[in-house]
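Trainee: Sharing a structure below in structure tokens format, with a few things to ask.
Residue numbers (the working numbering): 6 to 180.
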């Protein structure tokens with residue numbers, strides 16, 4: 006008996022909600038107007054604020070080239086180096102990118118060019134270099150002074166063949 010009452014009330018709720026969403030008001034149905042009033046309705050993922058990349062800087066420090074990626078908060082990171090060592094691939098999960106694209110001022114040290122490509126679950130940041138490089142372990146710096154969180158990636162010229170194979174690893178850091 007209790008199961009029948011539950012099913013009957015569920016059917017009533019479904020019928021009433023389907024009728025209410027089909028009542029035309031203005032240019033669309035009531036349901037469409039309600040969703041337009043509340044643009045934040047949606048997946049729970051939309052409520053979680055994504056880390057944002059705000060800037061990328063390239064600096065030459067002695068024999069190494071430092072790539073500094075400014076982020077709004079800590080994020081995970083995965084990286085790899087191409088077989089010939091002339092490209093570095095960084096993968097950021099669930100990140101928003103507002104940093105400016107590559108400009109000639111970024112061509113410094115070993116860096117020839119970089120590019121960000123957004124994806125469905127984050128994005129890829131690729132760095133092209135003028136020769137084989139290895140990576141010192143990426144570091145996350147906490148906010149200090151006028152700077153927020155920064156990811157530091159040091160590109161070091163390969164001193165002997167195969168050096169990059171020893172430094173290739175998956176790295177993740179988060180708060």
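Where is the CB? At the ideal position from N, CA and C, for every residue including glycine.
Output needed for residue 113: all residues of its chain with C-beta closer than 8 angstroms, excluding positions within five of it in sequence on either side, in chain order.
Mentor: As a working note, residue 113 is residue 108 in the chain shown. In the same chain as residue 113, and ignoring 5 residues on each side of it, the C-beta atoms closer than 8 angstroms to its own belong to 63, 64, 65 and 70, in chain order.
Trainee: Do residue 92 and residue 133 have their beta-carbon atoms positioned less than 7 angstroms apart in this structure?
Mentor: Working through the chain shown from its first residue, we reach residue 133 at position 128. Working through the chain shown from its first residue, we reach residue 92 at position 87. Yes, the Cβ-Cβ distance between residue 133 and residue 92 is below 7 angstroms.
Trainee: Have a look at 161, 144 and 163 and flag the residue whose alpha-carbon is nearest the alpha-carbon of residue 155.
Mentor: As a working note, residue 155 is residue 150 in the chain shown. Distances from the alpha-carbon of residue 155 to those of 161, 144 and 163 put 144 closest.
Trainee: Does the beta-carbon distance from residue 72 to residue 158 come in below 7 angstroms?
Mentor: Indexing the chain shown from 1 puts residue 72 at position 67. Indexing the chain shown from 1 puts residue 158 at position 153. Against a cut-off of 7 angstroms, the Cβ pair of residue 158 and residue 72 comes out as a contact.
Trainee: What did DSSP end up calling residue 109 once you bin it into helix, strand or coil?
Mentor: Residue mapping note: residue 109 aligns to position 104 of the chain shown, counting from 1. The answer is helix: DSSP assigns residue 109 an H, G or I state.
Trainee: What's the call for residue 139, buried or exposed, on a 16-neighbour Cβ count within 10 Å?
Mentor: Position 134 of the chain shown, counted from the first residue, corresponds to residue 139. With 16 or more other CB atoms across the displayed protein chains lying within 10 angstroms of its CB, residue 139 is buried.
Trainee: Would you mind sorting residue 56 into buried or exposed? The rule is 16 or more other CB atoms within 10 Å of its CB.
Mentor: Stepping through the chain shown from its first residue, residue 56 is reached at position 51. Burial call: buried.
Trainee: Below 7 angstroms CB to CB, which residues in the same chain sit around residue 147 once its five sequence neighbours on both sides are set aside?
Mentor: As a working note, residue 147 is residue 142 in the chain shown. Closer than 7 angstroms at Cβ, skipping near neighbours: 154.
Trainee: Based on the DSSP output, what are the partners of residue 158 in its beta bridges?
Mentor: Taking the first residue of the chain shown as position 1, residue 158 is located at position 153. According to DSSP, residue 158 bridges with 72.
Trainee: Within 7 angstroms (strictly less), CB to CB, does residue 123 reach chain D?
Mentor: Protein chains in the displayed structure number just one, and chain D is not present.
Trainee: Note the first and the last residue of the continuous beta strand (DSSP E) segment covering residue 128.
Mentor: Start at 1 with the first residue of the chain shown, and residue 128 comes out as number 123. Run containing residue 128: 127–134, per the beta strand (DSSP E) assignment.
Trainee: Which residue's Cα is closest to the Cα of residue 163: 54, 90, 142 and 123?
Mentor: The residue given as residue 163 occupies position 158 in the chain shown. Here the closest residue by C-alpha is 90.
Trainee: When the Cα of residue 80 is compared with those of 101, 108 and 121, which residue comes out closest?
Mentor: Counting from 1 along the chain shown, the entry for residue 80 is found at position 75. Per the Cα distances, 101.
Trainee: Hey, out of 104, 94, 142 and 103, whose CA is closest to residue 116's CA?
Mentor: Locating residue 116 in the chain shown gives position 111, counting from the first residue. Ranking 104, 94, 142 and 103 by Cα distance to residue 116 puts 94 first.
Trainee: If you measure between the beta carbons of residue 86 and residue 59, is that distance less than 7 angstroms?
Mentor: Within the chain shown, the letter at position 81 stands for residue 86. Within the chain shown, the letter at position 54 stands for residue 59. No, Cβ-Cβ distance for residue 86 and residue 59 is not below 7 angstroms.
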